[in-house]
Amino acid sequence: MVRESGGDRSSVTGGTQVISDFLVIRVATLPGQSFLDRMIAMVEGAARQKTPNEIALAILLSGLTLVFLVVVATLLPFSAFGVRASGQGRPIGLTVLVALFVCLAPTTIGALLSAIGIAGMNRLSGANVVAMSGRAVEAAGDIDVLLLDKTGTITLGNRQAARFIPAADVTEEDLADAAQLASLADETAEGRSIVVLAKNRFALRGRDLEGRDATFVPFSARTRMSGITWEGHEIRKGALDAIEAHVATLGGQLPGDVRAAAAAVARAGGTPLVVSRDARVLGVVELKDVVKGGIRERFAELRRMGIKTVMITGDNPLTAAAIAAEAGVDDFLAEATPEAKLALIRDYQKGGRLVAMTGDGTNDAPALAQADVAVAMNSGTQAAKEAGNMVDLDSNPTKLIEIVNIGKQLLMTRGALTTFSIANDVAKYFAILPAAFTATYPSLRHLDLMRLSSPASAILSAVIFNALIIVALVPLALKGVRYRPVGAAELLRRNLLVYGLGGLLVPFAGIKAIDLFLSAIGVA
Numbered sequence: 012m013v014r015e016s017g018g019d020r021s022s023v024t025g026g027t028q029v030i031s032d033f034l035v036i037r038v039a040t041l042p043g044q045s046f047l048d049r050m051i052a053m054v055e056g057a058a059r060q061k062t063p064n065e066i067a068l069a070i071l072l073s074g075l076t077l078v079f080l081v082v083v084a085t086l087l088p089f090s091a092f093g094v095r096a097s098g099q100g101r102p103i104g105l106t107v108l109v110a111l112f113v114c115l116a117p118t119t120i121g122a123l124l125s126a127i128g129i130a131g132m133n134r135l136s137g138a139n140v141v142a143m144s145g146r147a148v149e150a151a152g153d154i155d156v157l158l159l160d161k162t163g164t165i166t167l168g169n170r171q172a173a174r175f176i177p178a179a180d181v182t183e184e185d186l187a188d189a190a191q192l193a194s195l196a197d198e199t200a201e202g203r204s205i206v207v208l209a210k211n212r213f214a215l216r217g218r219d220l221e222g223r224d225a226t227f228v229p230f231s232a233r234t235r236m237s238g239i240t241w242e243g244h245e246i247r248k249g250a251l252d253a254i255e256a257h258v259a260t261l262g263g264q265l266p267g268d269v270r271a272a273a274a275a276v277a278r279a280g281g282t283p284l285v286v287s288r289d290a291r292v293l294g295v296v297e298l299k300d301v302v303k304g305g306i307r308e309r310f311a312e313l314r315r316m317g318i319k320t321v322m323i324t325g326d327n328p329l330t331a332a333a334i335a336a337e338a339g340v341d342d343f344l345a346e347a348t349p350e351a352k353l354a355l356i357r358d359y360q361k362g363g364r365l366v367a368m369t370g371d372g373t374n375d376a377p378a379l380a381q382a383d384v385a386v387a388m389n390s391g392t393q394a395a396k397e398a399g400n401m402v403d404l405d406s407n408p409t410k411l412i413e414i415v416n417i418g419k420q421l422l423m424t425r426g427a428l429t430t431f432s433i434a435n436d437v438a439k440y441f442a443i444l445p446a447a448f449t450a451t452y453p454s455l456r457h458l459d460l461m462r463l464s465s466p467a468s469a470i471l472s473a474v475i476f477n478a479l480i481i482v483a484l485v486p487l488a489l490k491g492v493r494y495r496p497v498g499a500a501e502l503l504r505r506n507l508l509v510y511g512l513g514g515l516l517v518p519f520a521g522i523k524a525i526d527l528f529l530s531a532i533g534v535a
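The letter at position 305 of the sequence shown is residue 316 when you use the numbering used here, and the numbering goes up by one with no holes.
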């Protein structure tokens with residue numbers, strides 16, 4: 012186990028295997044002041060907000076239900092007054108009023124909401140994501156800010172050799188050959204990556220060192236270098252100051268171009284390792300936390316969807332800026348603490364933004380608990396999984412693109428069916444109201460556009476249609492409306508044309524067909 016100071020992965024947990032030297036670990040024993048105590052307190056103080064779509068739908072359904080309840084409740088005294096004033100007809104019956112309320116209340120969309128939510132969760136499971144609730148899937152369709160942890164999410168999490176930078180009078184292949192030899196005894200991920208890079212760049216493969224008086228020098232946190240003594244040559248690789256001190260004992264010195272190259276690597280957010288052969292410095296090996304392949308294109312796709320990406324890291328601002336530029340994120344938060352992550356999410360939410368976050372560590376748990384959509388990596392800690400409302404079984408941070416697409420499809424499906432449900436009510440007016448008030452106001456027969464056979468048949472046909480249309484729409488609710496990344500105006504026009512106009516026409520045809528069937532069998 013080798014950790015650098017100040018990075019995302021400088022912490023250790025129980026069960027960590029030490030492969031070099033020793034670790035000195037300070038454990039907090041004061042009650043209420045440990046790391047876990049802080050995490051628990053912040054998680055308990057986190058609370059998810061309701062999304063605008065969720066609030067709007069609740070207001071719409073409640074408002075329509077209240078309006079129709081008041082309308083239906085006032086029809087009975089209005090009908091009785093009409094009978095007394097005209098001296099003819101009879102008041103509207105209670106059965107008719109109940110049928111009217113059942114048909115006009117938003118029962119269609121109310122009955123389909125559960126099916127839409129279950130379908131969204133099922134589509135997520137097909138993408139290998141476990142959602143804790145349908146509400147989490149709906150919220151995914153509304154997010155406009157995405158926070159991602161850098162280490163293990165945007166980057167591979169282990170520093171890898173990226174390139175060889177030779178000194179002025181050294182070839183790159185000669186530097187790669189020496190660096191590979193110096194890394195053969197280095198068991199760290201960085202050492203193994205140098206061996207692989209040399210093999211890939213110059214086809215330098217393992218060599219037969221037996222019988223050639225080879226002595227390996229393993230990596231040590233004290234010496235901060237590793238190497239090999241072979242055929243009378245001392246080949247070493249390590250930190251700049253360690254190699255500088257080593258070559259100085261052999262009568263050499265660090266060239267100015269090598270020092271400048273190492274400084275440039277450090278400014279770019281990488282880690283420079285210097286390679287020497289005897290008293291001669293050969294050049295620099297650049298180590299960097301490698302950004303995952305294809306992630307820049309995925310972030311560009313999120314940007315086209317209107318989602319801002321923010322990288323969160325414990326690195327210093329210089330390193331964070333370099334990796335953020337390479338990954339293609341819109342913004343970054345450097346030297347981030349759990350408190351800073353939580354505060355950043357709350358600041359976005361206060362501004363009316365909906366925030367999604369992916370994370371895998373215990374230190375991510377408070378932010379995951381606060382985020383509107385919290386995707387925990389399956390490879391992460393149990394605390395992160397419990398704080399999130401989704402778990403990605405593939406531990407792929409860019410899976411959020413699929414999650415957003417499914418969430419938007421769910422929202423579009425709900426919006427389409429809500430439009431259809433409201434438009435349905437208009438047609439039901441022309442079926443039930445003329446039938447209900449024909450006895451009181453005969454002139455209302457002119458509103459009977461469907462020319463239904465009788466008042467009883469009109470009411471029964473409308474009630475039957477109201478029940479059948481819910482069953483007929485269940486397959487659409489489960490399959491979902493096809494998601495297309497188009498603008499809001501175009502989406503609204505399409506919804507009104509297909510589901511608004513369709514919601515007006517289908518009830519006329521459906522209720523009339525049921526009325527004809529009931530008349531044919533003599534039911535009404």
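Here a beta-carbon is modelled for each residue, glycine too, at the ideal position from N, C-alpha and C.
- For the pair A351 and A331, the CB atoms are not nearer than the 8 Å cut-off.
- Taking C-beta separations shorter than 8 Å and ignoring five residues to either side along the sequence, the partners of L87 in its chain run P102, I103, L105 and L108, following chain order.
- Spanning the alpha carbons of V301 and A173 requires a straight line of approximately 8 Å.
- Taking all protein chains shown into account, P349 has 16 or more neighbouring C-beta atoms within 10 Å of its C-beta and is therefore buried.
- Here A110 really is in contact with V474; their C-beta atoms are around 5 Å apart, less than 8 Å.
- Residue pairing of A142 in beta bridges, as defined by DSSP: M401.
- Proximity of the segment 228-243 to the segment 251-264 meets the contact definition, three or more beta-carbon pairs being nearer than 8 Å.
- In the DSSP assignment, M461 falls outside any beta strand (DSSP E) and carries neither an H nor an E.
- Taking each of K161, R170 and G131 in turn and checking the Cα distance to A151, the smallest one comes out for G131.
- By the Cβ test, the segment 414-429 is in contact with the segment 145-164, since at least three Cβ pairs between them sit closer than 8 Å.
- Annotated three-state conformation of L192 is helix, per DSSP.
- By the Cβ rule, the segment 185-203 counts as touching the segment 290-310, because three or more pairs are nearer than 8 Å.
- Using a Cβ distance threshold of 8 Å, D341 and K319 count as a contacting pair.
- Annotation for D358: the continuous alpha helix (DSSP H) segment containing it runs P349 to K361.
- Note on geometry: alpha-carbon atoms of L80 and D405 lie some 49 Å from one another.
- Contact annotation: the segment 152-161 does not touch the segment 261-275, with fewer than three C-beta pairs closer than 8 Å.
- As the crow flies, the alpha-carbon of N211 is around 24 Å from that of I165.
- Scanning the segment 361-397 for uninterrupted alpha helix (DSSP H) segments of 4 residues or longer gives 376-381, listed from N- to C-terminal end.
- Exposed is the label assigned to A500, since fewer than 16 other Cβ atoms lie within 10 Å of its Cβ.
- For F343, there is no enclosing alpha helix (DSSP H); the enclosing beta strand (DSSP E) covers residues D342 to L344.
- S287 sits in a strand when the DSSP states are folded into three classes.
- Under DSSP, A172 forms a beta bridge with L298.
- According to the DSSP secondary-structure assignment, F227 is paired through a beta bridge with I239.
- In the DSSP assignment, V107 falls within the alpha helix (DSSP H) that extends over L105 to L115.
- If you draw a straight line from the Cα of N400 to the Cα of A354, it comes to about 19 Å.
- Around the beta carbon of D224, fewer than 16 other beta carbons lie within 10 angstroms, which makes this residue exposed.
- Straight across, the Cα-Cα distance linking I176 with V228 is about 23 Å.
- The beta-carbon distance between I532 and S472, rounded to whole angstroms, is 12 Å. This is too long to meet the 8 Å contact definition.
- Ranked by Cα distance from G280, the options G263, L298 and V286 are led by L298.
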